[in-house]
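Under this note's numbering, the residue at position 238 of the sequence shown is numbered 1450, and the numbers go up by one with no gaps. In this text, a Cβ means the ideal position worked out from N, Cα and C, and glycines have one as well. Structure record follows, encoded as structure tokens.
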Amino acid sequence: GVDSMLVAAVAAHIGVDAETFTFQYTDYDGELNESAPARALADHIGLPHHIIPFAPSDLADNLDNMVSSFGEPFDYGVHTYMVGQVKTAGMDAVLTGVGADGWYLSPTSRYGLLAAGIPSGLRRLGEAALPGVKLVSKSVAGQIAGILQEARVGMPIVSYPRETNGPMLASLFREGVYDHAGEFLRPPQMAADFAALSDESRHDRLTFAGINYYSADTILCWNNAWSHAYDLPIRHPYFDADLYDFLMRLPRREKGKLQFRELAARYMPRHMAYAPKVYQAAPLSNWFRGPLRDLLHDRLSPGRINSNGLFDADRVAFVLKRHDSGHEDHAWLLMMLLTITVWQDLQG
């Protein structure tokens, strides 16, 4: 994406001895593969470019080692396991484009700010209408629910711990196993943090929560895990404290990261600077319906699920069926289930 491209372009501009790397997912032809624009940028700025191939077989053959190296179950970030190839290529450290998104509020948070100004009674009417909206469009209903939740709670929904607080995951546990343990452990701490920022605008408090909770709980967490696994430093220039303090003092035009893209256009062709965002994620939705379907069904078979004692086998089978059919996308939930069961097996 443009965040990483700008890091590479600035590195080349100031004469850093650097090379560029991009993941290439096989058995997949979609937008998550960005090797072509990455190579075009590398050619433009004069840096060597390398492809890191990631195939379904890489996940299948290394799943146990992935979970062991990570140190705990996980969902996102599986592609970063392959970053060891950067060290094999002789690199001493990795610079990422992580963090620039945190300078700006998500669309959900932006609309949540607006919805917070709506009387609570009207917001409750909106929540009551969600079941009807869901019949027409589940995605739209989900977006509206997120906006109304942020307006009500005053904290970004992405800041909540997905793995321990996800209602979908919670519903898959056997009766009496989960009982929503720890469901509200972190929000009180978040509330205390928000209280310490009471003199700041609600906009800046939301920005703070997104960076300090969501980023720390997701991409920084998995990058740190793989960094230790390979003894390869992974650095995030956009989290530089001085840079962050400077940017937070600027008036930020939220939609589309326009200021950021204007800066990027000074170092690369405009069509690169304004290219649509590409999320860093492996195409698990496709792989779990295709080349990794048998692996997934074997690892999450009723026998294995029952023997591990955490999840309800019938509920897990239902989620698998819904994902297989293409009616719903549960790739990341299934990845979490998969790594939990692998972790249980590794613990004996």
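Going by beta carbons, residue 1220 and residue 1244 fall outside the 8 angstroms limit.
Straight across, the Cα-Cα distance linking residue 1320 with residue 1358 is about 7 angstroms. Looking at the backbone, the Cα of residue 1278 and that of residue 1475 are separated by about 37 angstroms. Taking the Cα positions, residue 1256 is about 20 angstroms away from residue 1306. DSSP places residue 1542 outside both helix and strand once states are collapsed to three, so it counts as coil. According to the DSSP assignment, residue 1232 belongs to the beta strand (DSSP E) that extends over 1232-1237.
In this structure, DSSP gives residue 1550 a helical state, which the three-state scheme calls helix.
A direct Cα-to-Cα measurement between residue 1322 and residue 1516 gives close to 43 angstroms.
A straight-line Cα-Cα distance of about 31 angstroms links residue 1343 and residue 1417. In its chain, beyond the 5 residues on either side, 1508, 1535, 1543 and 1546 have a beta carbon closer than 7 angstroms to the beta carbon of residue 1500. Collapsing the DSSP output to three states places residue 1306 in a strand. Listed as beta-bridge partners of residue 1262 by DSSP are 1233. Around the C-beta of residue 1443, fewer than 16 other C-beta atoms lie within 10 Å, and the residue is accordingly described as exposed.
A Cβ-Cβ distance of about 6 angstroms is found for the pair residue 1345 and residue 1356, placing them in contact under the 8 angstroms criterion. Nearest C-alpha to residue 1229 among 1336, 1238 and 1261: 1261. Contact between residue 1446 and residue 1439 holds, since their C-beta atoms are separated by about 4 angstroms, short of 8 angstroms. Around the beta carbon of residue 1265, fewer than 16 other beta carbons lie within 10 angstroms, which makes this residue exposed. Shown here for residue 1406: same chain residues with a beta carbon closer than 6 angstroms to its own, the five before and five after excluded, namely 1417 in chain order. Within a 10 Å sphere around the beta-carbon of residue 1215 sit 16 or more other beta-carbons, which makes this residue buried.
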